[in-house]
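For the sequence shown, UniProt numbering assigns the number 1 to the initial residue and increments by one for each residue that follows.
Everything below concerns the one structure shown next.
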Amino acid sequence: MSGLFENWLHKLVQALQQRESYANIIVVDWMSLAHQLYPDAVNHTKLVGIETAVLIDWLQEKGNMSLKNVHLIGYSLGAHVAGFAGNYVSGTLGRITGLDPAGPMFEDVEAHKRLSPDDAEFVDVLHTYTREALGVSIGIKMPIGHIDIYPNGGDYQPGCGLSDVLGALAYGNIGDAVKCEHERSVHLFVDSLINKDKESFAFQCTDSNRFKKGICLSCRKNRCNAIGYNAKKSTSKRNSKMYLKTRAHMPYKVYHYQLKMHIFNYIHEQETTEPTFSVILAGTMNDSIPLSLTV
Numbered sequence: 001m002s003g004l005f006e007n008w009l010h011k012l013v014q015a016l017q018q019r020e021s022y023a024n025i026i027v028v029d030w031m032s033l034a035h036q037l038y039p040d041a042v043n044h045t046k047l048v049g050i051e052t053a054v055l056i057d058w059l060q061e062k063g064n065m066s067l068k069n070v071h072l073i074g075y076s077l078g079a080h081v082a083g084f085a086g087n088y089v090s091g092t093l094g095r096i097t098g099l100d101p102a103g104p105m106f107e108d109v110e111a112h113k114r115l116s117p118d119d120a121e122f123v124d125v126l127h128t129y130t131r132e133a134l135g136v137s138i139g140i141k142m143p144i145g146h147i148d149i150y151p152n153g154g155d156y157q158p159g160c161g162l163s164d165v166l167g168a169l170a171y172g173n174i175g176d177a178v179k180c181e182h183e184r185s186v187h188l189f190v191d192s193l194i195n196k197d198k199e200s201f202a203f204q205c206t207d208s209n210r211f212k213k214g215i216c217l218s219c220r221k222n223r224c225n226a227i228g229y230n231a232k233k234s235t236s237k238r239n240s241k242m243y244l245k246t247r248a249h250m251p252y253k254v255y256h257y258q259l260k261m262h263i264f265n266y267i268h269e270q271e272t273t274e275p276t277f278s279v280i281l282a283g284t285m286n287d288s289i290p291l292s293l294t295v
């Protein structure tokens with residue numbers, strides 16, 4: 001569900017078919033309603049969601065389909081379409097995945113007017129483009145699922161350089177300017193489908209700064225979770241914010257290492273030398289370059 005039949009859609013469908021060969025995959029076509037002025041497209045999300053709910057109810061009645069086996073996946077505006085579908089269906093859906101749900105006109109609104117944890121048994125959300133410009137974020141910043149995962153802090157994605165964005169804007173191509181980071185959510189989900197042996201894990205943390213300081217790298221008490229298709233619902237959690245780092249290209253998985261040093265503040269009065277630290281990671285295939293550490 002997105003309203004835009006772009007290249008990523010075919011990759012997503014193909015990856016789903018490859019992973020779940022017995023699944024029935026339905027693509028919601030609402031391009032004519034999505035390709036309008038943004039406020040109009042936003043207003044159409046509820047209508048499309050209701051119509052999707054009608055289809056699901058029909059499949060449930062005529063085909064004896066179990067709602068717990070229904071998994072809606074929505075990108076950008078399509079994430080909120082999925083939310084409305086879950087809100088209006090007769091029963092409770094099994095799962096909804098929101099891929100960088102749209103932010104403008106959805107940020108800070110009531111739960112029934114956007115995707116929320118109430119819309120399915122399990123709602124997981126990937127936030128990849130929450131950086132603000134003129135007070136507006138393309139992707140929604142607030143947590144709106146049972147788990148909300150912010151790769152690379154959610155505001156910057158490796159490989160989506162500022163020069164690329166500025167270049168696209170200079171040529172008037174706003175779509176390309178936002179596409180890389182906004183669409184990264186889709187590619188992270190596709191990655192989780194096709195690279196089963198390279199699962200990426202996110203860690204529960206109150207904010208991005210604490211995660212960057214290495215405070216939250218623990219899996220104790222269900223504090224970490226796989227991202228994308230392999231994510232699992234944690235008992236009774238809502239709006240659980242989780243973070244991880246990724247690479248710039250698929251497979252996106254990186255390993256998170258934590259190095260702890262205890263430094264004692266013992267400095268002679270005449271000493272003015274600033275200490276520097278670096279570390280080299282030794283692996284079976286190769287060693288890393290010296291990595292500088294900030295004290």
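Beta carbons: idealized from backbone N, C-alpha and C, even for Gly.
Sorting L115, R114, I147, C160 by C-alpha distance to the C-alpha of Y129 places C160 at the top. By the Cβ neighbour-count rule, M242 is buried, with 16 or more other Cβ atoms within 10 Å of its own. G135 carries a coil assignment under DSSP once its states are collapsed to helix, strand and coil. With the rule of 3 Cβ pairs closer than 8 Å, the stretch 184 to 198 does not count as touching the stretch 207 to 219. In the same chain as M105, and ignoring 5 residues on each side of it, the C-beta atoms closer than 6 Å to its own belong to V42, in chain order.
Across the set I280, N230, G103, V254, the C-alpha of G103 shows the shortest separation from the C-alpha of L77. A direct Cα-to-Cα measurement between V28 and L55 gives close to 10 Å. For T45, the three-state secondary structure derived from DSSP is helix. Spanning the alpha carbons of P117 and I144 requires a straight line of approximately 6 Å. Exclusion of the five residues before and after I140 leaves P101, G103, F106, E107 as the residues of its chain whose Cβ lies within less than 6 Å of its Cβ. With fewer than 16 other beta carbons inside 10 angstroms of its own, S218 counts as exposed. Within the same chain, H127, Y243 come within 6 Å of Y150 by CB-CB distance, once the 5 residues on both sides are set aside.
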